[in-house]
Amino acid sequence: MDEFDLIARILQHFVEAPQLGVVLGPGDDAALLQPTPGSRLVVSTDMLLSGVHFPTDTGPQDIAYKALMVNLSDLAAMGATPRWYTVSLALPRADEACIDSFCAGLLQASRPSGIALVGGDITCGSLSVAITIMGECPDDSAMLRSAACVGDDIYLTGTIGDAALGLQILQGRLQAQREDRRCCIERLQRPQARNRAGLAIRSLAHAAIDISDGLLQDLGHVARASGLQAVVYGHQLPLSDSYQRLVPATTGLVPAISFGDDYELCFTAAAVNRQHIESVFTEIQLPCTRIGTMQAGKGIVFLDHKGRAISTNAKGYQHFMSQG
162 MDEFDLIARI LQHFVEAPQL GVVLGPGDDA ALLQPTPGSR LVVSTDMLLS GVHFPTDTGP
222 QDIAYKALMV NLSDLAAMGA TPRWYTVSLA LPRADEACID SFCAGLLQAS RPSGIALVGG
282 DITCGSLSVA ITIMGECPDD SAMLRSAACV GDDIYLTGTI GDAALGLQIL QGRLQAQRED
342 RRCCIERLQR PQARNRAGLA IRSLAHAAID ISDGLLQDLG HVARASGLQA VVYGHQLPLS
402 DSYQRLVPAT TGLVPAISFG DDYELCFTAA AVNRQHIESV FTEIQLPCTR IGTMQAGKGI
462 VFLDHKGRAI STNAKGYQHF MSQG
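Take any residue in the sequence shown, note its place counting from 1, add 161, and you have its number in our numbering.
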């Protein structure tokens, strides 16, 4: 198959996919899109590379699913409604079965939000995928990292640390029973973007970020951008049953706060909104935990149940860490 045969095969999978706001989709030099009047366009791009963002033996369906979900997670953190996306894909060889499986993963990930594929590119090369995603939010309603206020509560959806354990299991560095293994690997390969949560808290939250590089790193971005200090109560961090069974007490919070790939939402909101926020998450049936507070100062500090500082030598995930 040549490049154009591959493109035609890809597009066959999306004939019946939603096309809301798409004036002209794939097939011309560029797409034509119609944003909703009174909305701002929210755009983000993420690249996933084999051996860096996913193990080299990961199946194409899981790769595609995760690639779109991590981009959807960026829109969730901004409080944006997902609308459109493009995909750039590099493959080492033309493989029909691989293409079909990859498209199935995209369709699975796109179905809950109804986001539309509007273009992309394909080439021969080392396996990688880059997605540019576009969403919308009403004027001046986006949640920004820089908007946290003194006295804000800090919240975290879901649980953290499971994806890190999933990677260790796949690498053979951690042994786990069947159910724990399944749970952690699924969190790594099939993250769930919290788009419903992002939309639900948009009018309640001040600042927000998605946890892609670890809570330590990402909440630190919020603290830095807002010119404040984040105080996190370590004993209140939401950890799954699998995490608590697999991680020894001596290791503690390090995998949970530093390894990343969680794609949960961390956000801040005024204390006066506690009851409303609790009601929102009860309604959307998603666990959400109050884990700390924002105060005057710099950086991020973790405290134990007695208010003592917890030493953390980890820094969170960093690209180019091994580069001189």
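Glycine is no exception: its CB is placed at the ideal position from the N, C-alpha and C atoms. In this text, all values refer to a predicted model and were calculated from it rather than measured experimentally.
### Query
Under a three-way DSSP split, which group does residue 332 fall into?
coil
If you run the structure through DSSP and keep just helix, strand and coil, what is residue 461?
strand
Quiz prompt | beta strand (DSSP E) runs contained entirely in the region 260-328, provided each spans 3 or more residues | solution = Qualifying beta strand (DSSP E) stretches, in chain order: 277-285, 289-299, 314-318.
Pick from 373, 449, 229, 293 that is closest to residue 269, judged by C-alpha positions: 229
Does residue 225 pass the burial test, meaning 16 or more other C-beta atoms within 10 Å, or should it be called exposed? buried
Can you tell me which residues form a DSSP beta bridge with residue 394? 464
### Message
Check this for me: beta carbons of residue 452 and residue 393, under 8 Å apart or not?
### Response
Between residue 452 and residue 393, the gap from beta carbon to beta carbon is short of 8 Å.
| message | Assuming contact is defined by CB atoms lying nearer than 8 Å, are residue 102 and residue 313 in contact in what I supplied? | response | In the structure displayed, the chain extends from 162 to 485; residue 102 sits before or after that span and is not available.
Note down, in chain order, each residue of its chain lying with its Cβ closer than 8 Å to the Cβ of residue 251, except the 5 sequence neighbours on either side. 283, 284, 285, 286, 287, 288, 289, 290
The region 322-342 / the region 236-249 touching (three or more Cβ pairs under 8 Å): no
Residue 453 (DSSP reduced to helix, strand or coil) | Strand, per DSSP.
query: If you draw a straight line from the alpha carbon of residue 384 to that of residue 184, how long is it in whole angstroms?
result: 41 Å
Margin query: In the DSSP output, what is residue 217 paired with across the bridge?
Written below: According to the DSSP secondary-structure assignment, residue 217 is paired through a beta bridge with no residue.
Is the Cβ-Cβ distance between residue 407 and residue 305 less than 8 Å? The answer is no: Cβ separation not under 8 Å.
Item to complete: Indicate whether residue 276 and residue 206 have their beta-carbon atoms separated by less than 8 Å.
Response: Taking 8 Å as the Cβ cut-off, residue 276 and residue 206 do not qualify as a contacting pair.
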